[in-house]
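Residue numbers (the working numbering), protein chains in the order written: chain A, 1 to 202; chain B, 203 to 404.
Before any comments, here is the structure.
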DNA sequence: GTCTATATATTGATAGAC
DNA sequence: GTCTATCAATATATAGAC
């Protein structure tokens with residue numbers, strides 16, 4: 001890689017890092033492009049040499065997050081559908097992974113959440129995103145149903161409900177500064193709440 | 203009431219109604235004050251004779267909704283805490299009320315949701331709002347705990363988790379136009395999911 | 001109280017020199 | 001590629017006539 005390309009990569013990285021900081025501080029929606037360039041110590045015009053807009057930068061941040069998350073959030077690749085979410089240990093693993101991603105990548109996840117909600121309600125983005133993010137849960141639940149488990153409802157709806165709980169609660173908890181949460185306790189609570197809910201009826 | 207005051211009330215009502223329509227169509231965040239006045243057939247300047255800003259208008263819409271909801275969402279008044287949410291019928295009643303409010307007052311509820319998320323994450327508004335809206339659930343859960351029920355976790359956290367599921371799923375479902383949901387089926391699914399979750403361990 | 005007209009402030013985005 | 005300078009488009013809010 002030449003010197004010029006290295007410098008360009010440096011600027012790009014500086015913009016990404018500055019954006020991440022600002023998203024955490026004042027949120028995605030309240031962060032302006034000029035704020036990002038100022039925070040990164042670059043000129044306004046330089047921004048557009050790397051990103052078409054704020055949305056594209058967010059996608060780049062997401063990409064970087066997924067790269068690092070690696071094996072953790074394996075939702076799209078070869079994640080086997082033969083997981084039984086009515087099994088407490090397997091359910092807890094899934095919740096722990098989701099919760100950990102929320103907590104360790106709070107700036108990016110929160111920004112995605114804000115971007116999703118900011119869209120016009122009529123666009124259906126909220127529902128589509130929710131269904132998309134919980135697709136792997138749905139497949140697990142369908143597998144469980146095939147194994148004879150009695151689920152509380154349609155797999156897609158149940159998966160969306162679980163995803164809604166996790167994402168909204170994660171966003172709220174990430175926003176609650178000054179208050180410290182015991183992550184393991186939260187994971188246990190959510191696991192218990194959902195495990196029994198997914199289990200057999202009385 | 204004099205003629206002048208009547209005309210003023212008429213303008214105020216027109217602004218509120220126009221805002222509700224636009225919030226439903228393009229969302230709270232994407233609706234500008236000039237959009238509202240144009241939709242209401244009034245001049246821009248008239249807006250500020252009735253509301254200090256968009257946020258205040260939203261609060262007025264919320265007030266009107268609470269007035270009409272009347273006995274339904276009785277969270278602040280004399281709602282008795284002696285409800286046992288581990289009882290399926292009582293749990294279902296609560297979920298049904300929440301869900302019905304979401305569906306019947308979608309423009310206002312969705313707008314509140316957007317306003318909450320749009321705030322700076324560091325403000326803690328998301329967590330505070332969630333805790334505030336689920337305060338009555340928390341009190342019910344504390345009552346159930348006193349009755350010897352074994353809850354999956356701290357009442358405040360469990361209540362927040364339930365509220366998160368309901369509000370996020372409600373927002374997503376309201377955004378999913380073109381897809382029709384069977385509200386009773388959704389209520390049943392959520393009831394089952396949470397009822398068993400709140401019940402005794404295996 | 002409502003209107004028209006406008007001031008003020010932001011923001012996204014681009015042009016052109018270096 | 002990065003910078004400075006600036007345009008164009010909004011959006012909030014106010015002033016003053018009616």
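Cβ atoms here follow ideal geometry from the backbone N, Cα and C, with glycine treated the same way.
- The three-state reading of DSSP puts residue 381(B) in coil, since its state is none of H, G, I, E or B.
- Look at the region 152-176 of chain A: the residues with a C-beta under 9 Å from a C-beta of chain B are 152, 153, 154, 157, 158, 160, 161, 162, 163, 164, 165, 166, 167, 168, 169, 170, 171, 172, 173, 174, 175, 176.
- Residues of the region 175-199 of chain A with a C-beta less than 9 Å from any C-beta of chain B: 175, 176, 177, 178, 179, 181, 185, 186, 188, 189, 190, 191, 192, 193, 194, 195, 196, 197, 198, 199, listed in chain order.
- A distance of 9 Å or more separates the beta carbons of residue 291(B) and residue 230(B).
- Counting only Cβ-Cβ distances below 7 Å, residue 322(B) has contacts in chain A at 26, 27, 30, in chain order.
- Per DSSP, residue 123(A) lies in no alpha helix (DSSP H) and is assigned neither H nor E.
- Rounded to whole angstroms, residue 158(A) and residue 390(B) show a C-alpha spacing of 11 Å.
- In the three-state scheme derived from DSSP, where H, G and I count as helix and E and B as strand, residue 86(A) is classed as coil.
- C-alpha of residue 104(A) to C-alpha of residue 244(B): approximately 49 Å in a straight line.
- Within a 10 Å sphere around the beta-carbon of residue 192(A) sit 16 or more other beta-carbons, which makes this residue buried.
- Just so you know, the alpha carbons of residue 153(A) and residue 294(B) end up roughly 15 Å apart.
- Interface residue (Cβ-Cβ distance to chain B less than 9 Å): residue 132(A) is not classified as such.
- Per DSSP, reduced to three states, the secondary structure at residue 32(A) is coil, with no helix or strand assignment.
- Burial check for residue 383(B): the Cβ neighbour count within 10 Å stays below 16, so the residue is exposed.
- Secondary structure at residue 199(A): coil, using DSSP grouped into helix, strand and coil.
- Residue-level contact by beta carbon fails for residue 304(B) and chain A, as no gap is shorter than 9 Å.
- Chain B places a beta carbon closer than 9 Å to that of residue 125(A), counting this residue as a contact.
- The region 142-151 of chain A and the region 79-88 of chain A touch, with three or more beta-carbon pairs separated by less than 8 Å.
- Looking from the CA of residue 299(B), the closest CA among 341(B), 207(B), 392(B) belongs to 392(B).
- Chain B has a Cβ within less than 9 Å of the Cβ of residue 110(A).
- Counting only the Cα atoms, residue 376(B) lies some 11 Å from residue 303(B).
- Against chain B, the CB of residue 90(A) has no partner CB under 9 Å away; the residue lies outside that interface.
- Residue 332(B) places its beta carbon 9 Å or farther from that of residue 160(A).
- Contact between residue 165(A) and residue 378(B) does not hold, since the beta-carbon distance rounds to 18 Å and is not under 8 Å.
- Residue 356(B) sits in coil when the DSSP states are folded into three classes, being neither helix nor strand.
- In the same chain as residue 109(A), and ignoring 5 residues on each side of it, the C-beta atoms closer than 6 Å to its own belong to 102, in chain order.
- Residue environment: residue 335(B) is assigned as buried (16 or more neighbouring CB atoms within 10 Å of its CB, all protein chains considered).
- At a beta-carbon threshold of 9 Å, none of the residues of chain A lie near residue 349(B); the nearest stands roughly 17 Å away.
- With a 10 Å radius around the Cβ and a threshold of 16 neighbouring Cβ atoms, residue 197(A) comes out buried.
- In the three-state reduction of the DSSP assignment, residue 94(A) falls in the helix class.
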